[in-house]
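The sequence shown begins at 6 in my numbering and counts up by one. Single-structure report; data block below.
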Amino acid sequence: MFGKSKIPVLNAPQVPTRSTEDSQSPGVPQSPSAGKQPPALKPIAPKAPPKRKGDSRDRSDEFYELKTNIHRKLVENLDLAAMGTRTDDDVKDEVKQVIMDLCEQEDALLNFSERQRLVSEILDETFGLGPLETLLNDPHISDILINGPKQVYVERKGRLQISNVRFKDDAHLMHVIDKIVSSVGRRCDEVSPMVDARLKDGSRVNAVIPPLAIDGPSMSIRRFGADPITWDDYINFNSITPEMVDFLRACVAAQMNILIVGGTGSGKTTLLNNLSSFIPDTDRIVTIEDAAELQLRQPHVVRLESRPPNIEGKGRVAIRDLLINSLRMRPDRLVVGECRGAETLDMLQAMNTGHDGSMTTIHANSVRDAVQRVETMVMMAGFELPVKAIRQQFANAIHLIVNAARLSGGPRKIMSIAEVQGMEGETVTIQEIFKFEQLGIDGSGKAYGQFLATGLRPSFFDRLKYSGVELSPELFERRVLLTDNKE
Ligand SMILES: Nc1ncnc2c1ncn2[C@@H]1O[C@H](COP(=O)(O)OP(=O)(O)OP(=O)(O)O)[C@@H](O)[C@H]1O
Ligand SMILES: [Mg+2]
């Protein structure tokens, strides 16, 4: 269908190329018109990454060289005009054939599996995110942490481990970062060396490049979407018990305002996503996030995402702006990804003024810590409110606090489900209804323990009944609900 040397390729890289030397580095695709475009991004100071633990050269230099040669020939022969309206799959098949032909021409001494690897790596470079593609295709990987081109960690089932994926060099890694951030209309260069972005599947990406990242470009990807964690997973992983899930379901149905608290990576967003799944289909939901991670299945959802300032420092739309605007959108439920600044007080006020059934998360290590964190965030945002007034807002707004945690060795647990009862003097009174008690660390280094019902019945028990949610009072009887098996 095509002349031998004219190859249709759909996504010639959209990012501007760097210096000729950079763009010719192995594995870095080059636009057909690269030579004509002025380099818009300054090359990053090439710096040999220091040798680190985990460095090993598992790919031979010849393999890289061959890959680069074939890739360059492929790109040199791109014929964008010939692309026409064919589907990605058709184009991919044709490009694959051309790569195999080029491979033959190179007269390379490759065995069958090496040839296959070469073809699939060149296809990944051309159509996808290069070496990252293998990791992105593995549904069990929840986090990908890239510390420079030669050190890539992944998290599987709560355990962090080094992977054998490598990038050729800083320029190759930078190219992949550019490809990701430019696809969401952002940029990552010396002027804005720190950027948040999102992959097509919803995974959250953060990249920091030199000079801020000292040892080369670094990127953290929080997978989302490939294999989202459901309530069944929570129960299979012993992260919660069915009794606790029943209680949470009732609280969401009865329009309780819920605050999720936890440390970094403790599972706050995952929990928020799962709690939101209990919101009835009839409610109008507005979600507000910095990087859209929530995956709500309800039909009536408006999703809003904040925006960082542009290169001139203009155009910023903060979570707070979206929150204030959302109040005019007649939401039944507000779901805010995370409160970490001035929006905290607005969220409390929204919850206090008729937006019941709303939910958000904050970064705090325990239920008790949550009150203090909220006080600090409100004060740091410059609101001159006495501490007691902030606490009063908190106590009136929040009905339930749920604490998520990642314990030693990886297990994630719902550590506490607690009711905010009100104020006694200057103090917010909180009572735990369910909790996890850690008993120790097992032979494999994993924390283990037991879930307990504390014996306290929530004071809003009657409100649950009036909202049509029937819960048996026995659910709250003091007992051990589940004990972990030791490994
Ligand atoms: N109960 C669980 N069991 C196993 N893995 C979980 C569980 N909950 C969450 N995870 C995984 O833990 C990782 C972190 O989850 P999540 O993004 O929800 O955390 P977070 O507290 O919102 O993080 P951050 O502070 O970075 O926003 C994700 O990869 C998620 O799939
Ligand atoms: Mg989160």
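Note that beta-carbon positions come from the ideal geometry of N, C-alpha and C, so glycine has one too.
1) Considering only the beta carbon of each residue, do ILE293 and VAL341 sit closer than 7 Å?
2) Less than 8 Å between C-beta atoms, sequence neighbours within five positions excluded: which residues of the same chain meet that for ASP374?
3) Compare the beta carbon distance of ILE149 and ARG161 with 7 Å and say whether it is the shorter of the two.
4) Pop quiz: ALA400 and VAL433 are said to be a contact at Cβ under 8 Å. What is the actual Cβ separation, rounded to whole angstroms?
5) Since I believe ALA297 is in contact with GLU310 (beta carbons under 8 Å), could you give me their beta-carbon distance rounded to a whole number of angstroms?
6) Would you grab the beta carbon distance between GLY163 and ARG417 for me? Rounded to a whole angstrom, and I think it's under 8 Å.
7) Specify the secondary structure class of ILE12 as computed by DSSP and reduced to three states.
8) Cβ atoms of LEU114 and LYS78: under 7 Å apart, would you say?
9) Going by DSSP, which residues form a beta bridge with HIS368?
10) Roughly how many whole angstroms lie between the Cα atoms of VAL485 and ILE263?
11) Measuring straight from C-alpha to C-alpha, what distance separates GLU195 and GLN354?
12) When the Cα of GLU431 is compared with those of ASN152, ASP94, ILE395, SER188, which residue comes out closest?
13) Let me know the secondary structure DSSP gives LYS491 once reduced to three states.
14) Of the residues ARG462, ASN490, ASN241, PHE465, which one's Cα is nearest the Cα of ALA452?
15) Just grab the DSSP bridge partners of LYS418 for me.
16) Shortest alpha-carbon distance to TYR239 belongs to which of MET420, GLU424, GLY448?
17) So, using beta-carbon positions, are VAL372 and ILE435 closer together than 7 Å?
18) Report all residues from its chain with a CB closer than 8 Å to the CB of GLY320; omit the five preceding and five following residues, and keep chain order.
19) Just grab the DSSP bridge partners of SER225 for me.
20) Going along the chain, which residues of its own chain have a beta-carbon closer than 6 Å to the beta-carbon of HIS360, five neighbours each way excluded?
21) For a test of your reading of the model: does the CB of THR2 fall under 6 Å from any non-hydrogen atom of ligand 2? Yes or no.
In terms of the structure at hand:
1) Their beta carbons are under 7 Å apart, which means ILE293 touches VAL341 by this criterion.
2) Cβ neighbours of ASP374 beyond the five flanking positions: VAL266.
3) No, the pair does not count as a contact, with Cβ atoms beyond the cut-off.
4) The C-beta distance from ALA400 to VAL433 rounds to 5 Å, short enough to meet the 8 Å contact threshold.
5) Contact check for GLU310 and ALA297: beta-carbon distance about 5 Å, within the 8 Å limit, so the pair qualifies.
6) Contact between GLY163 and ARG417 holds, since their C-beta atoms are separated by about 7 Å, short of 8 Å.
7) Below a pLDDT of 50, predicted positions are generally treated as unreliable, and ILE12, at 42, falls in that range; the measurement from the model is reported next regardless. Note: ILE12 maps to strand in three-state DSSP.
8) No, they are not a contact pair.
9) As a beta-bridge residue in DSSP terms, HIS368 pairs with GLY267.
10) Their backbone Cα atoms lie some 24 Å apart in a straight line.
11) Near 40 Å, if we compare the C-alpha coordinates of GLN354 and GLU195.
12) Of the candidates ASN152, ASP94, ILE395, SER188, the one whose C-alpha sits nearest the C-alpha of GLU431 is ILE395.
13) Note: LYS491 maps to coil in three-state DSSP.
14) ALA452 has its Cα closest to that of ASN490, out of ARG462, ASN490, ASN241, PHE465.
15) According to DSSP, which records beta bridges pairwise, LYS418 is partnered with ALA410.
16) Looking only at MET420, GLU424, GLY448, the smallest Cα-Cα distance to TYR239 is reached by MET420.
17) Against a cut-off of 7 Å, the Cβ pair of ILE435 and VAL372 comes out as a contact.
18) The residues are ARG312, PRO314.
19) In the DSSP output, where bridge partners are listed per residue, SER225 has LEU150, ASN211.
20) Same-chain partners within the cutoff: LEU339.
21) No information on residue 2 is available, as it lies outside the stretch 6 to 492 that the chain covers here.
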